[in-house]
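Undergrad:
Numbering (my numbering), first residue to last: 174 to 689.
1) Does the separation of the CB atoms of residue 637 and residue 649 fall below 7 Å?
2) When you compare only the Cα positions, how much space is there between residue 624 and residue 262?
3) What residue does the beta strand (DSSP E) around residue 435 start on, and which one ends it?
4) I'd like to know if the segment 226-238 and the segment 541-560 are in contact, where contact means that at least 3 CB-CB pairs between them fall below 8 Å.
5) Let's see if you can read the secondary structure: which residues bound the alpha helix (DSSP H) around residue 271?
6) State the CB to CB distance for the pair residue 348 and residue 379, rounded to an integer number of angstroms; the pair is presumed to be in contact (CB under 8 Å).
7) With the cut-off set at 7 Å, would you say residue 538 and residue 528 are in Cβ contact?
8) Which full runs of the beta strand (DSSP E) of 3+ residues lie inside the segment 288-367, going along the chain?
9) Report the rounded CA-to-CA distance for residue 309 versus residue 460, giving the unit in angstroms.
10) Specify the secondary structure class of residue 197 as computed by DSSP and reduced to three states.
11) Just to confirm the assignment: which complete alpha helix (DSSP H) runs, minimum length 4, are found wholly within the segment 505-551?
12) Which residues in the same chain as residue 676 place their Cβ atom closer than 7 Å to its Cβ, once the five residues preceding and following it in sequence are excluded?
13) Is the distance from the Cβ of residue 634 to the Cβ of residue 541 below 7 Å?
14) Would a C-beta distance cut-off of 7 Å place residue 394 and residue 402 closer than the cut-off?
15) Out of curiosity, what's the CA-to-CA distance linking residue 422 and residue 372?
16) Does the contact criterion of 3 or more C-beta pairs under 8 Å hold for the segment 561-571 versus the segment 250-265?
17) Check the DSSP bridge columns for residue 615 and list the partner residues they point to.
18) Taking all protein chains shown into account, decide if residue 565 is buried (16 or more other Cβ within 10 angstroms of its Cβ) or exposed.
19) State buried or exposed for residue 329, treating a residue as buried only when at least 16 other CB atoms are found within 10 Å of its CB.
20) Less than 8 Å between the CB atoms is what I'm expecting for residue 314 and residue 419, so what's the real figure, rounded?
21) Rounding to the nearest angstrom, what Cα-Cα distance links residue 448 and residue 260 in this structure?
22) Which word fits residue 678, buried or exposed, when buried means at least 16 other C-beta atoms lie within 10 angstroms of its C-beta?
23) Measure the Cβ-Cβ separation of residue 258 and residue 546 and say whether it is below 7 Å.
24) Specify the secondary structure class of residue 463 as computed by DSSP and reduced to three states.
25) Does residue 544 pass the burial test, meaning 16 or more other C-beta atoms within 10 Å, or should it be called exposed?
26) Apart from the five residues just before and just after residue 356, which ones in its own chain have a Cβ nearer than 6 Å to its Cβ?
27) Rounded to whole angstroms, what's the CA-CA distance from residue 455 to residue 500? Just pull it up for me.
28) Which residues bound the alpha helix (DSSP H) around residue 403?
29) Report the partner residues of residue 553 according to the DSSP bridge assignment.
30) In the DSSP assignment, what residue or residues form a beta bridge with residue 632?
31) For residue 518, count neighbouring Cβ atoms within 10 angstroms of its own Cβ and tell me buried if that reaches 16, exposed if not.
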């Protein structure tokens with residue numbers, strides 16, 4: 174009997190011991206698991222807003238006529254960069270500069286029609302490094318440039334990319350119900366149709382339209398709606414941080430937006446260009462006339478000068494397009510606050526490059542001048558940015574890749590490839606900390622590579638003929654004395670040119686353009 178009691182006691186003890194061990198293991202597992210979840214919850218989300226052809230024609234950048242209340246509000250909640258620049262004023266390469274963290278001069282990707290994976294298959298994109306660090310990554314609208322032979326990058330995203338139109342019309346008279354040449358370019362129609370066509374033989378669409386329709390009749394409104402839906406879904410999974418890229422297409426041509434945004438402006442009060450000539454003593458190829466604007470009616474490609482009425486309509490369309498895009502961004506920001514995501518989400522607004530509104534007689538981007546290269550850049554980062562602050566240092570697009578990985582404190586802050594930019598985190602914490610005194614951007618025009626150094630006062634451009642490297646020309650502009658770039662002063666300021674050449678020559682030699 175005693176033995177039986179001892180055996181039962183022994184088994185009870187073993188059972189108790191097993192249960193105790195199981196309880197301790199379970200407790201420790203729960204503690205570790207909760208700590209992992211807590212760490213994941215504390216990771217900062219990222220919302221990256223990309224806007225096509227947007228220069229700082231905004232109220233927060235001292236444009237008193239521009240009606241952009243939502244962008245203004247975002248800037249008041251974060252840090253505004255007053256001297257931010259694109260590394261190239263061309264859509265596809267500029268987005269590569271951002272998403273690869275590399276200048277065009279480092280990759281050779283200056284043009285449309287070259288997909289980076291064909292040249293650099295192992296490169297790790299900005300969203301991809303977040304994805305590889307446990308983030309859900311997603312893109313909506315125009316993020317990578319899709320069109321002109323370029324495609325999206327599937328490896329960057331956790332779910333398929335949600336694309337939208339860039340060229341879009343509602344009024345029958347705008348395109349007569351036909352495929353237009355710009356629409357064909359953006360849909361890669363000439364590449365994937367059964368019969369390849371010469372896009373330039375297609376009809377031209379209207380440069381603007383303003384029907385009385387709802388916001389979601391056009392792409393940016395639909396992008397905002399889809400973004401709101403996705404934010405609601407993503408906010409429910411609090412254990413996984415997200416990187417969400419949102420691409421708005423206006424103010425890119427055509428200026429197709431609802432009538433109410435045109436009605437915000439009195440056309441006759443909008444400023445006409447003040448200086449419509451090429452800079453004196455500048456190389457002829459430095460100024461680009463025509464280009465994409467010629468693919469829209471009623472522009473007459475045979476005429477250099479546009480009528481005053483046509484200029485006013487184009488400028489009116491640009492401002493109206495900004496206000497339309499601003500309202501869509503505002504809808505997204507309202508939802509971010511409603512879901513309380515603003516407490517743990519880095520928000521960045523970035524323009525891919527500027528746009529000439531008739532200055533130098535130019536109605537496009539695709540130059541090395543101020544109106545094409547200066548961009549709006551606003552960053553709001555919880556725990557870092559001070560409300561309504563500004564930075565007057567020169568910064569550039571390639572700085573965003575290292576900045577965002579740094580702010581998010583990723584396990585591996587740098588990708589497998591070398592980045593060209595610098596983290597702006599020290600500036601974001603204190604805008605008076607000096608980390609950059611110039612930026613470097615480029616553009617190729619008629620077989621000449623223009624490499625530019627821009628500091629707070631000057632821009633120096635070295636143009637090198639790609640077939641004859643000994644043929645070199647320079648441009649130099651003093652923005653304290655000549656903000657409109659009326660006169661190239663390179664020939665009269667050799668010492669300043671020499672000073673900037675030292676800075677330019679400190680960078681690796683620029684790669685030749687890659688063509689496929």
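Even for Gly, the Cβ is constructed at its ideal location relative to N, Cα and C. Being a predicted model, the structure only gives us computed values, none of them experimental.
TA: Per the coordinate set shown:
1) no
2) 12 Å
3) Not the beta strand (DSSP E): residue 435 falls in the alpha helix (DSSP H), residues 432-435.
4) yes
5) 264-273
6) 7 Å
7) yes
8) 309-314
9) 43 Å
10) Its pLDDT being 39, under 50, residue 197 is placed unreliably by the model, and the measurement read from it follows with that caveat. Residue 197 falls in the helix class under three-state DSSP.
11) 543-546
12) 611, 626
13) yes
14) no
15) 21 Å
16) yes
17) 624
18) exposed
19) buried
20) 6 Å
21) 25 Å
22) exposed
23) yes
24) coil
25) buried
26) 340
27) 40 Å
28) 392-409
29) 520
30) 627, 650
31) buried
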